[in-house]
Amino acid sequence: MTHKKQIIIILILLSLSYLTACSSLHYYGQAVQGQLDIWQRMQPIDELIVQTDTPPRLKQQLADVLQIRTYASHRLQLPDNLSYTFYADLQRPYVVWNVFAAPDFSLKPKEWCFLIVGCVSYRGYFAEADAKQVAQALQTAGYDVYVAGIPAYSTLGWFTDPLLNTMLSWSRTRLAAMIFHELSHQLLYIPNDTAFNESFAMTVEAIGVERWLAEHGTATEWAEYQRYRQQRDDFMQLIQKTRNALNHVYQLPLSPIDKAQQKAAVFKKMLLDYQQLKQGQWNGYKGYDFWFSEPMNNAKIASILTYQDYIPAFNALLAEKQGDLAAFYQAVQTLATLSKEDRQQALNALIAVQYANCDLKTIACLNQDFQN
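Under the UniProt record's numbering, the first residue of the sequence shown carries the number 1, and numbering increases by one thereafter.
Following this line, the structure appears as structure tokens:
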């Protein structure tokens, strides 16, 4: 999309915001300002690479990103456009801060509905203070609330998404994962179905990273990725175990006080299990310490589960297509044409196939209540 067309879309969004309530006006206004700020900071990566004042480490990272970007389109058949061929230094640690909320005794996240993207289970802000203000209001209204800083950001193909300074601490492999994930959203995004969208992108991310490492990775990178995948699988099994325990508590005929006590006990057990996991099979790995250091609540658990619900279904579909990405994408596009109810039924049927054929130690084969 040309810069002129991008500006036209921004102006349309801005004009629409003035037709809505004051809170929506502020929300769309900050979104427009945030996007414009990103545009103003964008520089072509190929130009930065040849500039003498670009730090050597940044040059190498930028070159890696261009190679990954080419691989994504040529080998993974992901959209071939200008996304991730520009770099922007936002001079802050995150691009947006997402607000998640869930009722006190439920893991069903609150949804917000927006222009173009439909309804999603979070609300993003370019300023941390704005996110915290909204979170405080939700908490006052009785919700469990979680505010998460987000280093990666996608406009779903509406605009050119740049590489951001918020991603520069990542390894080559994590950069590849991010690019494959976000370009997957550009390939396919269904309004009002966050679980479908994120599970699809996570599936493409995983197969993309595996294939990219096989062709361009080192033995060390492959070993690190395998270790990362195992740790993430372990983490997700702990999240799922906690989810099941919480759902059991919330269905009991208890008073609010008793439910709150049992809810707290579930989270206490989760923290103990994490410490055992970290000190045991993880050999002291601290990569999840920050996540566990903040207060636990329903919104925090729901924010993780949103990305995982239908991964087993997409894995089954990819296996059915024998790893042929073109055929896989076509099949996913067909699913996208179904009603949400029919799509969920089809995905649940695929999950049953996956459970019948997979290694129960992997993330794709978690508890069979995973999709419920």
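The beta-carbon is built from N, C-alpha and C at its ideal position, and this holds for glycine as well.
- request: May I ask you to report which of helix, strand or coil DSSP gives Q276?
  value: Annotated three-state conformation of Q276 is helix, per DSSP.
task: Express the C-alpha separation of P103 and S15 in angstroms, rounding to a whole number.
output: Below a pLDDT of 50, predicted positions are generally treated as unreliable, and S15, at 41, falls in that range; the measurement from the model is reported next regardless. As the crow flies, the alpha-carbon of S15 is around 33 Å from that of P103.
- prompt: So, is L78 buried or exposed, given that buried needs 16 or more other C-beta atoms within 10 angstroms?
  reply: Looking at its Cβ environment, which holds 16 or more other Cβ atoms inside 10 Å, L78 is buried.
- prompt: Secondary structure at V209, three-state DSSP: helix, strand or coil?
  reply: If DSSP states are grouped into helix, strand and coil, V209 belongs with the helices.
field: Buried/exposed call for A201, threshold 16 Cβ in 10 Å
entry: Here A201 is buried, its C-beta having at least 16 other C-beta atoms within 10 Å.
- prompt: Considering only C-alpha positions, which residue in the set D193, Q333 and L271 is nearest to G118?
  reply: Looking at the Cα atoms, D193 is the closest of the given residues.
Pairwise C-alpha distance: L272 and T155: If you take the alpha carbons of T155 and L272, they lie about 39 Å apart.
- request: Let me know the secondary structure DSSP gives D289 once reduced to three states.
  value: Looking at D289 - three-state DSSP - the assignment turns out to be helix.
query: By Cβ distance, which residues of its chain are closer than 8 Å to V266, with the 5 residues on each side in sequence left out?
result: Excluding positions up to five away in sequence, the list reads T242, A245, L246 and V249.
Rounded straight-line distance, which links the Cα of Y84 to that of D161: Roughly 6 Å between the two C-alpha positions.
- prompt: By a C-beta neighbour count over all protein chains shown, 10 Å radius and 16 as the cutoff for buried, is E198 buried or exposed?
  reply: Under the 10 Å beta carbon count, E198 is surrounded by 16 or more other beta carbons and is classified as buried.
field: Local conformation of A127 per DSSP, three classes
entry: Here A127 sits in coil by DSSP.
query: Quick one: what does DSSP say residue 375 is sitting in, helix, strand or coil?
result: Only positions 1 to 372 of the chain appear in the structure, and residue 375 is not among them; the question remains open.
query: Is it true that the CB of A223 sits closer than 8 Å to the CB of I68?
result: Against a cut-off of 8 Å, the Cβ pair of A223 and I68 comes out as no contact.
message: I believe Q354 touches M236 by the beta-carbon criterion, under 8 Å. Please report the beta-carbon distance rounded to the nearest angstrom.
response: That belief does not hold up - the Cβ atoms of Q354 and M236 are roughly 15 Å apart, past 8 Å.
- request: Under 7 Å Cβ to Cβ from M167, same chain only, skipping five residues before and after it: list those, please.
  value: Excluding the 5 residues flanking it on each side, M167 has same chain C-beta neighbours closer than 7 Å at P151, A152, L175 and M178, in chain order.
query: To which residues of the same chain is H251 closer than 8 Å at the C-beta, ignoring the five residues directly before and after it?
result: Correcting the residue identity first, residue 251 is Gln in this sequence and not His. Same-chain partners within the cutoff: there are none.
message: Just to confirm my understanding: we take A21, look at its own chain, exclude 5 residues before and 5 after, and list those with CB closer than 7 Å. What are they?
response: Below a pLDDT of 50, predicted positions are generally treated as unreliable, and A21, at 45, falls in that range; the measurement from the model is reported next regardless. Exclusion of the five residues before and after A21 leaves no residue of its chain whose Cβ lies closer than 7 Å to its Cβ.
query: Per DSSP, what kind of secondary structure is L338 in: helix, strand or coil?
result: Coil, per DSSP.
- prompt: Does at least one heavy atom of the ligand HEM sit under 7 Å from the Cβ of Q77?
  reply: Questions concerning the ligand HEM fall outside what the structure shown contains, since it holds no ligand whatsoever.
message: Measuring straight from C-alpha to C-alpha, what distance separates A264 and Q136?
response: If you take the alpha carbons of A264 and Q136, they lie about 21 Å apart.
query: In the structure shown, what three-state DSSP assignment does residue 428 receive?
result: Nothing can be reported for residue 428: it is not among the residues displayed for the chain, which extend from 1 to 372.
task: Could you tell me whether the stretch 298-305 touches the stretch 330-347, where touching means 3 or more Cβ pairs closer than 8 Å?
output: No contact exists between the stretch 298-305 and the stretch 330-347.
message: Considering Cα atoms alone, identify which of S73, S293 and A88 is closest to I38.
response: Selection S73, S293 and A88 evaluated against I38 yields A88 as nearest (Cα-Cα).
task: Tell me whether V50 sits in a helix, a strand or coil according to DSSP, three-state version.
output: Note: V50 maps to helix in three-state DSSP.
field: residue 373, DSSP secondary structure in three states
entry: Residue 373 lies beyond the stretch modelled for the chain, which goes from 1 to 372, so this question has no answer here.
- prompt: How about the stretch 92-99 and the stretch 119-138: do they share at least three Cβ pairs that are nearer than 8 Å?
  reply: They touch, by the three-pair rule.
task: Give me the Cα-Cα distance between A219 and A72, rounded to the nearest whole angstrom.
output: The alpha-carbon of A219 is positioned some 21 Å away from that of A72.
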